[in-house]
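Per the UniProt record's numbering, residue 1 is the first one in the sequence shown, and the count goes up by one each step.
Note that beta-carbon positions come from the ideal geometry of N, C-alpha and C, so glycine has one too.
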Amino acid sequence: MATATALLPLLLLFLTLATVSADKFTVGDSKGWNPGVNYTEWEKKHRPFHVGDWLVFYYQAGMADVVQVDEVAYNKCDASNPITNYSKGRSYAFELNQTKMYYFICSYGYCYQGMKVAIKAEPLPTPSSPLSQKTSSSPSIVPRSAVAVTLAAALAALLRLV
Ligand SMILES: *[C@@H]1O[C@H](CO)[C@@H](O)[C@H](O)[C@H]1NC(C)=O
Ligand SMILES: *[C@@H]1O[C@H](CO)[C@@H](O)[C@H](O)[C@H]1NC(C)=O
Ligand SMILES: *[C@@H]1O[C@H](CO)[C@@H](O)[C@H](O)[C@H]1NC(C)=O
1 MATATALLPL
11 LLLFLTLATV
21 SADKFTVGDS
31 KGWNPGVNYT
41 EWEKKHRPFH
51 VGDWLVFYYQ
61 AGMADVVQVD
71 EVAYNKCDAS
81 NPITNYSKGR
91 SYAFELNQTK
101 MYYFICSYGY
111 CYQGMKVAIK
121 AEPLPTPSSP
131 LSQKTSSSPS
141 IVPRSAVAVT
151 LAAALAALLR
161 LV
């Protein structure tokens, strides 16, 4: 019983983490947000992205910026009408807080060589039901919420013990 009680806070912590879990992606991984990195390949490697995930851009101050644009401007490397733009400091964290496409470019001229990234923020995975299984395109992915359900069951079992 003592062990079970001691485990309780830990389980609660895991439960909280599983429920609110959002991933943080460092754009370009160890290469950061710099010229000469193919961010299309980076995106392919790390997709899918979900609402609530964070993108963190690390760049060299004065050498690069992060400009969010629309699709047309993205294709043309046109930073003249930014949705948001960020150039202060050496890093920029951006939350994907809507289900939509996000486009980022660098306005320093490196965009033409590929310093641009398009990210699709997908809805959070839901627990599998007959309906969602029918529409899901990637059934192999374990929904994060399934982890929460499992932990909730474990917690309930534990509570019955004590
Ligand atoms: C970014 O925003 C600042 C302030 O609004 C503006 O002066 C600057 O020209 C913008 N940069 C780009 C690349 O749009
Ligand atoms: C979404 O994120 C943007 C940029 O990070 C922020 O300005 C905006 O307020 C956020 N919107 C919501 C609904 O959280
Ligand atoms: C980046 O990689 C993609 C896929 O491998 C390729 O189609 C694209 O041409 C590359 N972009 C640049 C700027 O090299």
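Mind checking whether residue i and residue j have CB atoms under 9 Å apart?
| i | j | result |
| --- | --- | --- |
| residue 55 | residue 93 | yes |
| residue 69 | residue 59 | no |
| residue 49 | residue 32 | no |
| residue 163 | residue 27 | In the structure as shown, the chain starts at 1 and stops at 162, and residue 163 therefore has no counterpart that could be examined. |
| residue 102 | residue 96 | yes |
| residue 53 | residue 42 | no |
| residue 105 | residue 73 | yes |
Could you check the C-alpha separation between residue i and residue j for me, to the nearest Å?
| i | j | result |
| --- | --- | --- |
| residue 36 | residue 108 | 13 Å |
| residue 38 | residue 114 | 6 Å |
| residue 23 | residue 46 | 11 Å |
| residue 121 | residue 64 | 24 Å |
| residue 81 | residue 40 | 22 Å |
| residue 84 | residue 44 | 24 Å |
| residue 86 | residue 62 | 11 Å |
| residue 76 | residue 126 | 36 Å |
| residue 90 | residue 110 | 17 Å |
| residue 165 | residue 21 | The requested residue 165 does not occur in the structure, where the chain is confined to residues 1 to 162. |
Using a C-beta cutoff of 9 Å, does residue i count as contacting chain B?
| i | result |
| --- | --- |
| residue 57 | Looking at the structure shown, chain B is missing, and only one protein chain is on hand. |
Can you tell me whether DSSP reads residue i as helix, strand or coil?
| i | result |
| --- | --- |
| residue 126 | coil |
Note to self: Please give me, in chain order, every unbroken run of the beta strand (DSSP E) with length at least 3 that falls completely inside the UniProt domain "Phytocyanin" (23-123).
What the structure shows: 24-26, 54-58, 66-69, 84-86, 91-95, 101-105, 116-122
Check: Whose beta carbon lies closer than 5 Å to any heavy atom of ligand 3, going through the chain in order?
Finding: 38, 40, 41, 114
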